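Asks: Okay, here's the structure, questions in a sec.
Residue numbers (the numbering used here), protein chains in the order written: chain A, 74 to 182; chain B, -19 to 92.
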């Protein structure tokens, strides 16, 4: 599976959009981009995933660049409860989920 | 619907003791996983079971054994616990293909 690079930490003002970047420059054509988050050392929670098209669900939007070498997770209106560690993972079907160290997002009142 | 249930939630062991961490899922998922998370670090895959009857090593399998007892249950055994195995252990499951994994709430293990 391709490696990912994320900034170790970010801050975001409450109510503003949080944009979390992920670099995956060695991604293969059959690898999907997944995002998870982990709040207070609870079990990781699935957010969203995509292959090459942008995706949106009730939690977030995922923007994948045309060359697929990077992506951005967007939380449109961050709340204090979005403070968590966010993990970007790339994975091919049949392979396993390998987590990096993620981005620690702090939402500031 | 309980999802993924791990037992126990907390455990303290003495060095050299053995124990089994239990994981059960009620979502009829094919694949199950065991991860460990050390302080300030991401999750590392210990073992996984792609389907009932199969198990494979992940990134950090040394010191552990697993059993896929049936489709619902996947246990992790420490035969002789060491302080380096102090960690939070997470179990996860998913259907197959390009689906998300669901995680349990973790077992916090301390080996003294």
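All C-beta atoms in this analysis are idealised placements derived from N, C-alpha and C, irrespective of residue type, glycine included.
This structure is a prediction, so every number in the text was calculated from the model and none was measured.
When you compare each of 10/B, 21/B, 71/B, 44/B to residue 31/B by their alpha carbons, which one comes out closest?
Replies: Residue 31/B sits at position 51 when you count from the first residue of the second chain. Distances from the alpha-carbon of residue 31/B to those of 10/B, 21/B, 71/B, 44/B put 10/B closest.
Asks: How long is the line joining the alpha carbons of residue 16/B and residue 126/A, rounded to whole angstroms?
Replies: Counted from its first residue, the second chain places residue 16/B at position 36. Counted from its first residue, the first chain places residue 126/A at position 53. Each residue's Cα considered, the two are about 32 Å apart.
Asks: What are the partner residues of residue 82/B, as DSSP defines its beta bridges?
Replies: Locating residue 82/B in the second chain gives position 102, where the first residue counts as 1. According to DSSP, residue 82/B bridges with 73/B.
Asks: Could you check where the beta strand (DSSP E) with residue 48/B kicks off and where it finishes?
Replies: Against the second chain, residue 48/B aligns to sequence position 68. Residue 48/B -> beta strand (DSSP E) spans 45 to 48.
Asks: Along the chain, where does the beta strand (DSSP E) that runs through residue 66/B open and close?
Replies: Along the second chain, one-based indexing puts residue 66/B at 86. Here residue 66/B belongs to no beta strand (DSSP E), and DSSP marks it neither H nor E.
Asks: With a CB to CB cut of under 6 Å and the five nearest residues on each side skipped, what residues in its chain are close to residue 6/B?
Replies: Taking the second chain and counting its residues from 1, the one referred to as residue 6/B is at position 26. Cβ neighbours of residue 6/B beyond the five flanking positions: -18.
Asks: Determine which residues share a DSSP beta bridge with residue 172/A and list them.
Replies: On the first chain, position 99 is the one that residue 172/A refers to. Answer by DSSP bridge pairing: none, since residue 172/A is not bridged.
Asks: Decide if the region 162 to 182 of chain A is in contact with the region -13 to -2 of chain B; the criterion is three or more beta carbon pairs, one per stretch, under 8 Å apart.
Replies: no
Asks: Based on DSSP bridge pairs, tell me the residues matched to residue 181/A.
Replies: Taking the first chain and counting its residues from 1, the one referred to as residue 181/A is at position 108. Bridge partners of residue 181/A: 86/A.
Asks: Whether or not the region 125 to 144 of chain A and the region 91 to 104 of chain A are in contact is what I'm after, with contact meaning three or more pairs of Cβ atoms, one per stretch, closer than 8 Å; do they touch?
Replies: Output reads yes: the region 125 to 144 of chain A touches the region 91 to 104 of chain A.
Asks: Roughly how many whole angstroms lie between the Cα atoms of residue -7/B and residue 92/B?
Replies: Taking the second chain and counting its residues from 1, the one referred to as residue -7/B is at position 13. Taking the second chain and counting its residues from 1, the one referred to as residue 92/B is at position 112. Their Cα atoms are separated by approximately 6 Å.
Asks: Distance check for residue -3/B and residue 84/A, CA to CA, integer angstroms please.
Replies: The count along the first chain starts at 1 and reaches residue 84/A at position 11. The count along the second chain starts at 1 and reaches residue -3/B at position 17. If you take the alpha carbons of residue 84/A and residue -3/B, they lie about 43 Å apart.
Asks: Look up residue 154/A in the DSSP assignment and say whether it is helix, strand or coil.
Replies: Against the first chain, residue 154/A aligns to sequence position 81. The answer is helix: DSSP assigns residue 154/A an H, G or I state.
Asks: Among 128/A, 89/A, 131/A, 160/A, which residue has its Cα nearest to the Cα of residue 182/A?
Replies: The count along the first chain starts at 1 and reaches residue 182/A at position 109. Closest by alpha carbon: 89/A.
Asks: Checking contacts by CB at 8 Å: is residue 80/A closer than that to chain B?
Replies: Numbered from 1 along the first chain, position 7 holds the residue referred to as residue 80/A. Closer than 8 Å: no.
Asks: Give me the residue from 77/B, 56/B, 61/B, 75/B with the minimum Cα distance to residue 86/B.
Replies: Translated into the one-based positions of the second chain, residue 86/B becomes position 106. The residue with the shortest Cα to Cα distance from residue 86/B is 56/B.
Asks: Give the interface partners of residue 69/B over in chain A, defined as CB-CB distance under 9 Å, in chain order.
Replies: Translated into the one-based positions of the second chain, residue 69/B becomes position 89. What residue 69/B touches in chain A: nothing, since even the nearest Cβ is about 11 Å away.
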